Amino acid sequence: AIPRVFFVSLMDKEHANFERVYGQIKDALTPKVIPVEIPVGEGPEFHGIINLFSQKCHLYKKGTKNGEYEEVDVPAEYRERFER
Numbered sequence: 001a002i003p004r005v006f007f008v009s010l011m012d013k014e015h016a017n018f019e020r021v022y023g024q025i026k027d028a029l030t031p032k033v034i035p036v037e038i039p040v041g042e043g044p045e046f047h048g049i050i051n052l053f054s055q056k057c058h059l060y061k062k063g064t065k066n067g068e069y070e071e072v073d074v075p076a077e078y079r080e081r082f083e084r
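1 is the number of the first residue of the sequence shown in our numbering; add one for each residue after it.
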């Protein structure tokens, strides 16, 4: 199998749905797909990412448009998703 990389972008858009896109990629290619990062929130509630390798959460600073973020531990409500 050839390794592939996918980016799920535009997570801040109204109808963003990471789990749906992730499922479609798994169905179309292989169930062995592993995300590197998962979003914190979706659509208007999107405000960061969790990196599964570093085990850190990057929360974007409000009011900035250049991607500034604060690195924090994974929030408790995302820990189960993170550990999958």
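Yeah, the Cβ is synthetic: ideal placement off N, Cα and C, and Gly gets one too.
These numbers come from a predicted model, not from an experiment.
request  = Give the secondary structure of Pro31 by DSSP, where H, G and I count as helix, E and B as strand, and everything else as coil.
outcome  = For the purposes of this step, residue 31 is identified with residue 31 of the sequence shown, where counting begins at 1. Coil, per DSSP.
ask   = So Glu42 packs on Ala16, CB below 8 Å; how close in whole Å?
value = Position 42 of the sequence shown, counting from 1, holds the residue named residue 42. Position 16 of the sequence shown, counting from 1, holds the residue named residue 16. That belief holds up - the Cβ atoms of Glu42 and Ala16 are roughly 5 Å apart, short of 8 Å.
query = Got a sec? Which residues, its chain only, sit under 6 Å from Glu68 by beta carbon, not counting five neighbours each side?
reply = Locating residue 68 in the sequence shown gives position 68, counting from the first residue. Cβ within range, chain order: Lys61.
query = Sorted by chain position, which residues of the same chain lie with C-beta nearer than 8 Å to Ile49's C-beta, five sequence neighbours on each side aside?
reply = As a first step, residue 49 must be located in the sequence shown, where it is residue number 49. Cβ neighbours of Ile49 beyond the five flanking positions: Glu37, Ile38, Pro39, Val40, Cys57 and His58.
request  = Starting from Val40, follow its DSSP beta bridges and name the residues at the other end.
outcome  = Start at 1 with the first residue of the sequence shown, and residue 40 comes out as number 40. Its beta-bridge partners are Gly48.
message = Tell me the rounded alpha-carbon separation between Val8 and Asp73.
response = Indexing the sequence shown from 1 puts residue 8 at position 8. Indexing the sequence shown from 1 puts residue 73 at position 73. Distance from the CA of Val8 to the CA of Asp73, rounded to the nearest whole angstrom, comes to 22 Å.
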